[in-house]
Amino acid sequence: METVPISSGDGHQFVWLGSGDPQVEKGIASNQYAIIDSGEALLLDPGGYHTFARVFANVTKLVKPEKITRALLSHQDPDVAASIVSWLEIQPNMEIYLSTLWDRFLPHFALPGDAPTVLLPDEGKTIALPSGARVRFIPAHGLHSPGNFVAYDEKTRILFSGDLGAAMVPAGEWKLFVEDFTKHTVYMDGFHRRFLASTKAIHAFLKRIEGLPIDMICPQHGSIFRGGDVQRFLAWLSKLEVGFDFRSWGDAG
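First residue of the sequence shown: 2, per my numbering; consecutive thereafter.
Here it is as structure tokens:
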């Protein structure tokens, strides 16, 4: 699939890097994104092992390999992080941002011990890109990982939400942008109820992003929310009972 600039201007772009075919990439279909700023790329959840060839081909249409300088791993799952060793072979100085909880797990992805990790404290971190534009790594703990972060690009006002907003869309029905929000909730419901830890975690996250001007929400799986669907999604999320608030996993049935 080709890249799609979701928002761009003044040497700054938020770019969708495609979504893999599960039959080709051997797993769940996932979106990858990059923030391109002054000719340098920050990858957002670069993906699993089988996504690497596609994502590398797409991002290097936009920047040189040596200009892929940073990557966020929103959490530790293999569909997020398993390609990272391949990225470091191409760009060994690429900074990897991830929760302090997951640093000791990275060796299981065959990363070298001196991999250039930047550990994110529980309260999050804001970084400056080459132009001075800022990206905030905002805690979303328990949604679904206990060490989980989303990324907010202040310049484009786009929130990369990781697995928040993930949707299991049937084959043949996927669209880049949500077109029918009510129908789309059917594809989100099961994942959110089972994989998010608690309703309390949702409300804590919504409090953290309260007041942020958000034009789009870009999840790792499914379709992008834009326009009025941004607030529709946040309102839907605020009313959802999930995890141990939804059911007791110790009960039968």
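Where is the CB? At the ideal position from N, CA and C, for every residue including glycine.
Per-residue DSSP class, three states only, for residue i
{"i": "Glu67", "result": "helix"}
{"i": "Pro117", "result": "coil"}
{"i": "Gly19", "result": "strand"}
{"i": "Asp38", "result": "strand"}
{"i": "Pro108", "result": "helix"}
{"i": "Gln92", "result": "coil"}
{"i": "Ser84", "result": "coil"}
{"i": "Ile29", "result": "coil"}
{"i": "Ala253", "result": "Only weak support exists for where Ala253 lies, its pLDDT of 45 falling under 50; the value from the coordinates is given anyway. Three-state result, Ala253: coil."}
{"i": "Leu241", "result": "coil"}
{"i": "Leu45", "result": "strand"}
Top-ranked residue by Cα proximity to residue i, from the options
{"i": "Asp46", "options": "Arg55, Tyr34, Ala54, Asp38", "result": "Tyr34"}
{"i": "Leu238", "options": "Cys219, Arg194, Pro214", "result": "Arg194"}
{"i": "Thr157", "options": "Asp216, Ala82, Asp181", "result": "Asp216"}
{"i": "Pro214", "options": "Trp175, Ala152, Ala141, Ile159", "result": "Ile159"}
{"i": "Phe15", "options": "Ala129, Cys219, Gly229", "result": "Cys219"}
{"i": "Glu67", "options": "Ser75, Phe57, Trp17, Leu74", "result": "Phe57"}
{"i": "Pro147", "options": "Ala30, Ile37, Gly244", "result": "Gly244"}
{"i": "Ile210", "options": "His109, Asn94, Leu99, Asp154", "result": "Asp154"}
{"i": "Glu41", "options": "Phe234, Val119, Val60, Val170", "result": "Val60"}
{"i": "Arg295", "options": "Arg227, Ala152, Ser31, Ile7", "result": "Residue 295 is absent from the model: the chain starts at 2 and stops at 254."}
{"i": "Thr4", "options": "Asp11, Arg55, Gly49, Tyr50", "result": "Arg55"}
Buried versus exposed call for residue i [16 or more other C-beta atoms within 10 Å across all chains shown]
{"i": "Ala253", "result": "Legend: pLDDT at Ala253 = 45, less than 50; position of this residue unreliable, no value from coordinates given."}
{"i": "Ile91", "result": "exposed"}
{"i": "Asp164", "result": "buried"}
{"i": "His145", "result": "buried"}
Bridge partners - residue i, DSSP secondary structure assignment
{"i": "Thr127", "result": "Arg137"}
{"i": "Tyr98", "result": "Leu73, Val119"}
{"i": "Asp181", "result": "Beta-bridge pairing links Asp181 to no other residue."}
{"i": "Ala152", "result": "Phe138, Phe161"}
{"i": "His13", "result": "Gly10, Asp38"}
{"i": "Pro220", "result": "Gly163"}
{"i": "Thr199", "result": "Residue identity check: residue 199 is Ser in the sequence provided, not Thr. Paired residues: Gly244."}
Contact the stretch 188 to 204 vs the stretch 44 to 64: 3+ CB pairs below 8 Å: In short, these stretches do not touch, since the Cβ pair count stays below three.
Cβ contact check for the stretch 178 to 185 and the stretch 119 to 134: 3 or more pairs under 8 Å: Fewer than three pairs of CB atoms, one per stretch, sit closer than 8 Å, so the stretch 178 to 185 makes no contact with the stretch 119 to 134.
Sufficient close CB pairs (3 or more, under 8 Å) joining the stretch 102 to 118 to the stretch 128 to 141: Verdict: no, contact absent.
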